[in-house]
Every structure is written in structure tokens, then in C-alpha cells.
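Q: Here it is, the structure in full.
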Amino acid sequence: MKNFIWENPYPTIRAPLFARNIVSTSHPLAAQAGLRMLLKGGSAIDAAVAAAATIALTEPVSCGLGSDCFAIVWDGKELHGLNSSGVAPAAWSVDYFKKKYGTGSDGLAVQPKRGWDSVTVPGAVAGWAALHEKFGKLPFETLFEPAIEIAERGYSVPPITARKWDAAVAELKDQPGFAQAFMPNGRAPAVGEHFRIPEAAWTLRRIAESKGRDYYEGDIAAKIVAHSKECGGSMTLDDLRNYRPDFVKTISRKYRGYEVHEIPPNGQGIAALMALGILDHFDQAGLPLDSVRAQHLQIEAMKLAFADLYKYVGDPRTMEVTPEQMLDDAYLASRAKLIDMDRATHFAAGRPHAGGTIYMTTADESGMMVSFIMSNYMGFGSGVVVPGTGISLQNRGVGFSMDPKAANVVKGGHRPFHTIIPGFLTRDGQPVMSFGVMGGDMQPQGHLQTVSRMLDYHQNPQAACDAPRWKVNRDFTLDLESTMPAATVEGLKNLGHSLKSVNDPYMDFGSGQFIWRMSENDRELGYVAASDSRRDGQAVGF
316 MKNFIWENPY PTIRAPLFAR NIVSTSHPLA AQAGLRMLLK GGSAIDAAVA AAATIALTEP
376 VSCGLGSDCF AIVWDGKELH GLNSSGVAPA AWSVDYFKKK YGTGSDGLAV QPKRGWDSVT
436 VPGAVAGWAA LHEKFGKLPF ETLFEPAIEI AERGYSVPPI TARKWDAAVA ELKDQPGFAQ
496 AFMPNGRAPA VGEHFRIPEA AWTLRRIAES KGRDYYEGDI AAKIVAHSKE CGGSMTLDDL
556 RNYRPDFVKT ISRKYRGYEV HEIPPNGQGI AALMALGILD HFDQAGLPLD SVRAQHLQIE
616 AMKLAFADLY KYVGDPRTME VTPEQMLDDA YLASRAKLID MDRATHFAAG RPHAGGTIYM
676 TTADESGMMV SFIMSNYMGF GSGVVVPGTG ISLQNRGVGF SMDPKAANVV KGGHRPFHTI
736 IPGFLTRDGQ PVMSFGVMGG DMQPQGHLQT VSRMLDYHQN PQAACDAPRW KVNRDFTLDL
796 ESTMPAATVE GLKNLGHSLK SVNDPYMDFG SGQFIWRMSE NDRELGYVAA SDSRRDGQAV
856 GF
């Protein structure tokens, strides 16, 4: 059993949860929906799907019934990865956007941030069905009972969700269907105010009865396509009908005797592995916890990983280098040599050798562990809500590049660069932890920071979750959480880090959920779980 330090030096209202069956999510009603499935004798996947369907309604500022999802599942014997991110409508190309929106000052086609031309085929519902077919125990319809009840009867909006909801209204109020669905009384709901979305109950019932297919080729699909056509979008019934999620093999890196697993590109999980691979060339544990040099080292490793991520990662069919090349030991060793411990550096991409998200995790006493993430991106996503369905659609099309030479160039049927990443930890082939940190490009940074705290400094999952975080921005400036020690902040400034306060109501410093298996050999000892205090959620279990 891992010998954690159980004292928590950070302010928190959370304590680690110990149980043999656990659901940890960023909304209490979603956690309890999953727990209901476990109490019925369902699997950890049944719990994850029930929680996902519920949180699509209770945390609409992060996800919805038009989201994408990814998962890593330990089935008791081996790991399985699922990529259920959506693909571009067949009509999309650089020319499509150039003809419709013109070109910007950079000479590239203009890309809309919201609206129908930011929506790729939603993958979450297909992902739910695929996971249940492979790993579920309860009838598929049963998993939707809690969500349907909430859609019809409503719920009281919690504080953090209310704040993010209010922050989104000004930008999204004119998107088709948004105000009718998410602005009762002409505004965002206040804290504690009751909110209902009864149209979603019809959608959930159709999903439940058809094992998800109605969403892609039935009455739900017809409503989606009709709304797209009415609003000038390009999504067709063939785009929906032809979509399938993919089961994939995880990619991984060794770190401190453990194996850290991520989903391969088109996601950004590879950045966390690269940063850990770079960090592995230093004695991180020999630097004092929360010290300037400890944080500086991790920040520089993350910046190196991001430099390569933004240049090389996209749909695997258009990438010029492979994940294996990006994770090559010799290449990461050469990147590690670029770190100067006495000053911050703005790194360029290397050349590898040729050759507004929710995260939840569940575990059951049979040994199944699920790392699951689902997102609309940028809070409510596109801002588009399909009338009569309660379906709020993601804006993952923003992840494409309009540069014809880019690895991530927009192309019909291709997947865009994706930010959401589930994580998993094993040791000697046995499961250790299912984990994730939500929040745009904060996600691989959260993986790096929390994994290092647990493996280098032996902090327990809740303490590692509550600790102050930093965030490297796209321009390599740095955000520091307000709880970061003043001496550390000043020390990072003195090393040349450029501090910048980014007003980002959706991403902030991320939010994590963690389930750690107490023993690699004895399932009776169960798990310890953590839930991030930066969200409204909780870990529950029995």
C-alpha cells in the first residue's frame, strides 16, 4: 500500500474518501446517480454512464448532450482506451471556411468560435453506448433514470456552476436556442435557483431505448440536421450516421516506478507524458516541496512539451511524426538538457527523431476502474441548443487549424486537436489510479503537477488535488493560483517567468478527481478518492 502523508497542508473542505465502490465527479447529483447504479449491482462503467448523463444537465457550463468524450478502463485484466471525439462534417475544408468567412490578417481562413460552424459530430452518446456494450451489467435504459428525473423535476444550481453560467450569458445569448434553454427569466439562474430542462427528458428516453442510435440516425438526428440546415450549418444525416467511436491502445511513459497512461493523439495527453519524461531526468524529489526551483523545473518541462504539442499533434492521419517518436527516450533526454535551472526559457519546437470539461472517475469492488472525461469545450461550447431536445452542442471545430500546411488542418471526416484527456496509473501491470484534471490546456499541466506530488512527494490524492497550481499559457506566460506562496511567486518572477492574469471563466486552474487503489493485491481494501474543491462536486462511495 502506498505510504502517503495524510496530513493536508492546504486549505480545503474536503477529506479523502475510503470505500470499496466509488464515484467521484464535479457535481454531487452526478456522483449520486453513479452511486445508485453501483448499489443496483452495476459496474463502474454503468456508474460512469449514469453520472455522465446526469452531469450533462447539472453542469451545462462544462458539458451537455452534444459533447465528446474519452475514457480509459481497467476491466480487471487489462486497460482499454476509448476515443469518442467527433469528426468534422464532410463539407468542411480550408476552402469552405475561406469562402464563407473570408481571410484574416494572417492570410488564413477565418474560423468561427461559436455557432454551427464550430460544431463537429458529437461523440459522447456513441461513447456511452460503446462503453456499456463492452463493460456494462445493468440494462442501458436503467442508467438514464436519474438524469430523466432531474430533467423533468429540476435541480438547484450550485455556486461555482452559477458563477460560470452567468459569465457565459453575454457572449452566448444570441446563439440559436441558447436563451430559450439556458436563460429562464432572461438571465442565468442564481445560486440555489431551481432549473429544469424537460426537453432533455425526451432526448434521454430516445437515447436509452435505442442504445444511442436514435441520436445518430433517428428522430434526434433529424432534429439536429434540421436545425443545422435552418441556421446555415453543414452537418448532414450522413455525418451523424457514419460516426463511430474508436477503442484504442493507450500510450504511456515510466515515471518513478509507475506507468502513466494517456489516450494517443488527436488528444493532448502526450504532452503530460513528454513533460514527465523530461522531468524524469532530474531529481525532482530532491527539491523542497512547493519551492521555487521545484515549480520552475516542472514549468520548464511543461513548456518544452507544449512547444512540440502545438506543432505536431492533430488527427494521426495528418501528423508528420508519430507518438513513439515524440516519446523517444533519447529525444526527451535531449529536450531535458535545454532546461536552465537559473532562468526561464521560451522554447521552440524540437525535431523528434524519424522512425468549459467534466472529468469523473469510478471504481467498483470487482476491480474495474474507469477514467472518463466529457466536454463541450469553452463552457457551453458552440452556444447552439437544438430546439425541443435540450442538446447543447460542443465547439470542438475550434481545435482545427486553418493553415493548409499544419498537421491539424481542418478536413472533413478528421478529428481536431483535442484538449480533454483521461489519465491512468499502473505499476507492474496492475491498476493503481484512475485520474484526470479538467480545464482546456490546464489538463496535461494538472496531470504533471498532481502525479509529481503523489509520486515524488508522497502527498495523498486530496492534498495533491488541493495544492496551488500554475498554468502555462499558449504564449508561454504563466498564471499562478492565488494560494501560491508569495515567496514562490516572487522567486519565479526573479527567474524570468512572465506572470499574466488570464480572465478565463471556464478553464481557470482546472478541477480533478482521483481514485487510488489501496492495495495492488487485495481488492477488499478498496480505494481512496479525492474530489477537487475548485468545483461543486464530491466523491461518494460504500
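Counting the sequence shown from 1 gives a position; this note's numbering is that position plus 315.
For glycine and all other residues, C-beta sits at the position ideal for the given N, C-alpha and C.
State yes or no: is the C-beta of ILE539 within less than 8 Å of the C-beta of LEU555?
A: The residue you call residue 539 lines up with position 224 of the sequence shown. The residue you call residue 555 lines up with position 240 of the sequence shown. Yes. Within cutoff.
Q: Out of GLY492, GLY592, ALA346, PHE497, which has the shortest C-alpha to C-alpha gap to ALA477?
A: Working through the sequence shown from its first residue, we reach residue 477 at position 162. It is PHE497 whose Cα lies nearest to the Cα of ALA477.
Q: Measure how close the beta-carbons of LYS526 and ALA444 come, nearest whole angstrom, since I'm counting them as under 8 Å.
A: In the sequence shown, counting from the first residue as 1, residue 526 sits at position 211. In the sequence shown, counting from the first residue as 1, residue 444 sits at position 129. Right, their Cβ atoms sit about 5 Å apart.
Q: Who are the near neighbours of ALA367 in its chain, counting only those whose CB is closer than 6 Å to its CB and skipping five residues on each side?
A: For the purposes of this step, residue 367 is taken as the residue at position 52 of the sequence shown. Answer for ALA367: MET689, listed in chain order.
Q: Out of ALA782, GLY357, LEU353, which one is the CA nearest neighbour of MET799?
A: For the purposes of this step, residue 799 is identified with residue 484 of the sequence shown, where counting begins at 1. Comparing Cα positions, the closest option is ALA782.
Q: Take ILE328 and list the residues in its own chain whose beta-carbon comes closer than 7 Å to its own, dropping the five residues that flank it on each side.
A: Within the sequence shown, numbered from 1, the residue matching residue 328 stands at position 13. Only SER848 meet the Cβ criterion.
Q: What does the Cβ neighbour count give for LEU354, buried or exposed, with the cut at 16 atoms within 10 Å?
A: The count along the sequence shown starts at 1 and reaches residue 354 at position 39. When all chains shown are included, LEU354 counts as exposed.
Q: Would you say the stretch 558-575 touches the stretch 450-467, given that touching needs at least three Cβ pairs under 8 Å?
A: Too few Cβ pairs lie closer than 8 Å, so no.
Q: Is it buried or exposed for ARG850, if we count other Cβ within 10 angstroms and need 16 for buried?
A: On the sequence shown, residue 850 is found 535 positions in, with the first residue counted as 1. It counts as buried.
Q: Which of the three DSSP states is assigned to GLY841 in this structure?
A: In the sequence shown, residue 841 corresponds to position 526, counting from 1. Reduced to three states, the DSSP call for GLY841 is coil.
Q: Three-state secondary structure (DSSP) at PHE562?
A: Numbered from 1 along the sequence shown, position 247 holds the residue referred to as residue 562. Three-state DSSP puts PHE562 in a strand.
Q: Whole angstroms is fine: what's the gap from PRO776's alpha carbon to VAL425's?
A: Counting from 1 along the sequence shown, the entry for residue 776 is found at position 461. Counting from 1 along the sequence shown, the entry for residue 425 is found at position 110. Just so you know, the alpha carbons of PRO776 and VAL425 end up roughly 43 Å apart.
Q: Between the beta-carbon of VAL804 and the beta-carbon of LEU810, is there less than 8 Å?
A: Taking the first residue of the sequence shown as position 1, residue 804 is located at position 489. Taking the first residue of the sequence shown as position 1, residue 810 is located at position 495. It is not a contact, given that the beta carbons lie outside the stated cut-off.
Q: For TYR573 and ALA722, I'd like the C-alpha separation in whole angstroms.
A: Within the sequence shown, the letter at position 258 stands for residue 573. Within the sequence shown, the letter at position 407 stands for residue 722. Each residue's alpha carbon lies about 31 Å from the other.
Q: Give me the residue from LEU840, PHE597, MET589, LEU624 with the minimum Cα distance to HIS611.
A: Counted from its first residue, the sequence shown places residue 611 at position 296. Closest option to HIS611, judged by alpha-carbon separation, among LEU840, PHE597, MET589, LEU624: PHE597.
Q: Once DSSP output is grouped into helix, strand and coil, what is the label at GLY670?
A: Walking along the sequence shown from the start, residue 670 turns up at place 355. Caution applies to GLY670, whose pLDDT of 46 falls short of 50 and renders its modelled position unreliable; the model cannot decide the point.
Q: Going by alpha carbons, who is nearest to ALA503 out of THR518, LEU380, GLN490, ALA482?
A: Reading the sequence shown from its first residue, position 188 is the one you call residue 503. Distance check between ALA503 and each of THR518, LEU380, GLN490, ALA482 places ALA482 closest, using alpha-carbon atoms only.
Q: Please report the Cβ distance between SER382 and SER846, rounded to the nearest whole angstrom; I am assuming they are in contact, meaning their Cβ atoms lie under 8 Å.
A: Taking the sequence shown and counting its residues from 1, the one referred to as residue 382 is at position 67. Taking the sequence shown and counting its residues from 1, the one referred to as residue 846 is at position 531. A Cβ-Cβ distance of about 20 Å is found for the pair SER382 and SER846, leaving them out of contact under the 8 Å criterion.
Q: Entirely within the stretch 781-818 and at least 4 residues each: give me those alpha helix (DSSP H) ranges in chain order.
A: 801-809
Q: Measure the CB-CB distance between GLN583 and HIS733 and report whether it falls below 8 Å.
A: For this step, residue 583 is matched to residue 268 along the sequence shown. For this step, residue 733 is matched to residue 418 along the sequence shown. Taking 8 Å as the Cβ cut-off, GLN583 and HIS733 qualify as a contacting pair.
Q: Check whether the stretch 603-622 touches the stretch 587-595, taking contact to mean three or more Cβ pairs, one atom from each stretch, closer than 8 Å.
A: yes
Q: Quick test of your reading: SER399 and GLY438, contact by CB under 8 Å. State the CB separation rounded to the nearest angstrom.
A: In the sequence shown, counting from the first residue as 1, residue 399 sits at position 84. In the sequence shown, counting from the first residue as 1, residue 438 sits at position 123. Contact holds; Cβ gap of about 4 Å.
Q: Using the three-state DSSP reduction, which class does PRO759 fall into: helix, strand or coil?
A: Locating residue 759 in the sequence shown gives position 444, where the first residue counts as 1. Correct three-state label for PRO759: helix.
Q: Measure the CB-CB distance between GLY754 and SER826 and report whether it falls below 8 Å.
A: Here residue 754 refers to the residue found at position 439 of the sequence shown. Here residue 826 refers to the residue found at position 511 of the sequence shown. In this structure, SER826 lies closer than 8 Å to GLY754 by Cβ.
Q: So, with DSSP's three-state summary, where would you put PRO746?
A: What you label residue 746 is simply residue 431 of the sequence shown in a count that begins at 1. The answer is strand: DSSP assigns PRO746 an E or B state.
Q: What residue range is occupied by the uninterrupted alpha helix (DSSP H) comprising HIS542?
A: Locating residue 542 in the sequence shown gives position 227, counting from the first residue. Segment 534-545, the alpha helix (DSSP H) holding HIS542.
Q: Going by beta-carbon coordinates alone, are ILE585 and LEU624 separated by less than 8 Å?
A: Here residue 585 refers to the residue found at position 270 when the sequence shown is read from its first residue. Here residue 624 refers to the residue found at position 309 when the sequence shown is read from its first residue. Cβ distance < 8 Å, so ILE585 and LEU624 count as in contact.
Q: Just how far apart, CA to CA, sit PRO461 and ALA523?
A: Position 146 of the sequence shown, counting from 1, holds the residue named residue 461. Position 208 of the sequence shown, counting from 1, holds the residue named residue 523. For PRO461 and ALA523, the distance between alpha carbons rounds to 12 Å.
Q: Tell me which same chain residues have a C-beta within less than 6 Å of the C-beta of LYS488, skipping the five on either side of it?
A: Within the sequence shown, the letter at position 173 stands for residue 488. Excluding the 5 residues flanking it on each side, LYS488 has same chain C-beta neighbours closer than 6 Å at ALA494, in chain order.
Q: Per DSSP, which one or two residues make a beta bridge with ASP383?
A: As a working mapping, residue 383 is identified with position 68 in the sequence shown. Answer is SER690.
Q: DSSP three-state call for LEU344: helix, strand or coil?
A: Position 29 of the sequence shown holds residue 344. In the three-state reduction of the DSSP assignment, LEU344 falls in the helix class, which pools H, G and I.
Q: Secondary structure at MET278, three-state DSSP: helix, strand or coil?
A: With the chain represented from 316 up to 857, any question about residue 278 goes unanswered, as that position is not in the structure.
Q: Assuming PRO638 and ASN581 make a contact with CB atoms under 8 Å, what is their CB distance in whole Å?
A: Numbered from its first residue, the sequence shown carries residue 638 at position 323. Numbered from its first residue, the sequence shown carries residue 581 at position 266. Wrong, their Cβ atoms sit about 11 Å apart, outside the cutoff.
Q: Between the alpha carbons of PRO719 and VAL725, how many angstroms are there, rounded?
A: Position 404 of the sequence shown, counted from the start, is the residue given in the question as residue 719. Position 410 of the sequence shown, counted from the start, is the residue given in the question as residue 725. In this structure, the CA atom of PRO719 is about 8 Å from the CA atom of VAL725.
Q: Check PHE333 in the structure and name its three-state DSSP category.
A: Along the sequence shown, one-based indexing puts residue 333 at 18. In the displayed model, PHE333 falls within a strand according to three-state DSSP.
Q: Exposed or buried, what is THR676 when buried is set at 16 or more other beta-carbons lying within 10 Å of its beta-carbon?
A: One-based indexing of the sequence shown puts residue 676 at position 361. Its Cβ being crowded by 16 or more others within 10 Å, THR676 is buried.
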